Amino acid sequence: MSQRKAVYAARFLRPPSWTKRLLLREKPRDLTGPFENPVRRWVRLREKARQFAELPPPRKVPVPKPARRPFLQAVDGVPRVSPQALQRRLDFLLSENAVKQQMAAPLLPGPQMKPYFTEFQCWSRQLREIRRIYRAQYLQKLAEVTEIERAKEAKLYREERERRQERKQAHLQRIGEDMKRRAILRDRKRIEGKVNEAIEMARRSKLKRQRLFWFRRMETLSKLAVTSENLDEAFASFPDSAKVDGTAASGVLLSRNVSIPYLLRQFGGAKAFPPQKNRRIPGIDNVQREVMQMSYDILGEDEDRYETDVPEEANWRTRAQQLYSNEIFDREAHPTGSED
């Protein structure tokens with residue numbers, strides 16, 4: 001209902017009087033239930049629905065998706081020195097040749113020109129070079145392991161993505177199959193509805209035709225039925241020259257072979273002949289056979305369409321020559337014989 005109807009219905013909600021408050025205070029459920037005012041009940045329920053609709057929906061706290069862990073990055077600043085060269089230099093610095101290098105270091109001119117200081121400077125350079133070699137080897141090994149782990153991570157990510165894509169495609173395929181099934185079911189129901197409608201229409205048309213044919217047959221049989229009105233016409237006496245064949249002048253079949261199933265079938269009560277052979281009465285008066293025999297009689301319409309023009313004065317020889325010889329197609333041949 002609209003808001004205007006609600007306002008109009010709210011006019012019936014007056015504040016209860018002092019007596020009504022007493023009644024409600026004593027037995028408040030007496031005026032609420034199946035016999036209460038329907039308008040007040042409707043307004044009360046609408047007010048409850050309005051208050052319920054005014055309640056805000058529960059707040060949906062947005063929960064962020066877990067951040068995907070970043071891919072492992074490649075190591076920067078990896079020395080491009082070959083590992084074989086680094087290993088050869090490390091082997092030299094860790095061998096006795098390094099001590100010989102310290103001993104063979106030249107003394108430089110200056111205030112600190114002492115053998116100990118010269119050996120210390122050479123040793124310090126060798127240590128720095130060893131640390132650089134170790135750092136370079138570590139970075140190279142770290143870069144190698146990092147590349148292996150990056151390849152594994154990329155492979156896992158690719159497999160996971162393919163797996164998710166396959167799962168998504170399978171889900172979409174199920175949805176598509178369900179949609180196609182529903183569409184096929186909908187089309188099938190629509191087609192079956194149309195087919196059933198056509199079948200029902202054909203059945204109704206068949207029933208209508210059967211009823212029309214039955215009424216027409218009853219109308220035809222009513223003309224052949226023997227009543228008090230057409231009694232004289234139905235059982236008219238046959239002429240002396242006519243042959244009694246079991247049929248009256250009015251068309252009524254005078255047969256003694258009376259069969260109730262045949263009568264029911266004739267009047268529309270039965271659709272077929274009685275199935276039991278002992279219930280059937282053999283038809284002695286075969287009307288169909290008589291009609292077929294009568295159809296073989298030579299009638300007027302069975303004669304030739306055009307008669308042969310035969311002169312009256314011609315005798316039988318001339319007529320035979322005209323009818324059975326080929327001279328009738330010869331213009332030069334002329335019948336001349338008039339012998340008896």
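Per UniProt numbering, the sequence shown starts with residue 1, numbered consecutively.
Note that beta-carbon positions come from the ideal geometry of N, C-alpha and C, so glycine has one too.
Predicted model, so just to flag it, every value in this text is computed and none were measured.
Just reading off the alpha helix (DSSP H) that residue i is part of, what are its end residues?
i, result
"Phe92", "Pro83 to Leu93"
"Ala49", "Pro38 to Glu54"
"Gln321", "Trp316 to Tyr324"
Within 10 angstroms of its Cβ, does residue i collect 16 or more other Cβ (buried), or is it exposed?
i, result
"Ile133", "buried"
"Val61", "exposed"
"Val43", "buried"
"Trp18", "exposed"
Compare the C-alpha of residue i against each of the options and name the closest.
i, options, result
"Gln137", "Ile148, Arg217 and Gln87", "Gln87"
"Ala104", "Gln121, Leu94 and Lys65", "Gln121"
"Arg69", "Glu153, Arg44, Val39 and Ser95", "Glu153"
"Arg217", "Arg188, Glu229, Phe267 and Val75", "Phe267"
"Val145", "Met113, Leu72 and Glu177", "Leu72"
"Arg125", "Pro111, Gln101 and Lys114", "Gln101"
"Arg135", "Ala170, Gln288, Val81 and Trp214", "Val81"
"Arg131", "Leu107, Leu93 and Leu108", "Leu93"
"Val99", "Glu119, Leu90, Asp76 and Gln84", "Glu119"
"Lys141", "Val291, Ala320, Asp76 and Pro58", "Asp76"
Under a three-way DSSP split, which group does residue i fall into?
i, result
"Arg69", "coil"
"Asn97", "helix"
"Arg174", "helix"
"residue 365", "Residue numbering for the chain in the displayed model covers 1 to 340; residue 365 lies beyond these limits and cannot be assessed."
"Gln276", "coil"
"Glu115", "Sequence inspection shows Pro at residue 115; the Glu mentioned does not correspond to that position. If DSSP states are grouped into helix, strand and coil, Pro115 belongs with the helices."
"Asp297", "coil"
"Leu108", "coil"
"Phe267", "coil"
"Val61", "coil"
"Tyr306", "coil"
"residue 343", "The question about residue 343 has no answer here: the residues shown for the chain are numbered 1 through 340."
"Arg80", "coil"
"Glu159", "helix"
"Val145", "helix"
"Ala74", "coil"
"Glu313", "coil"
"Glu229", "coil"
State yes or no: is the beta carbon of residue i nearer than 8 Å to at least one beta carbon in chain C?
i, result
"Glu229", "Given the protein chain composition of this structure (a single chain), no chain C is represented."
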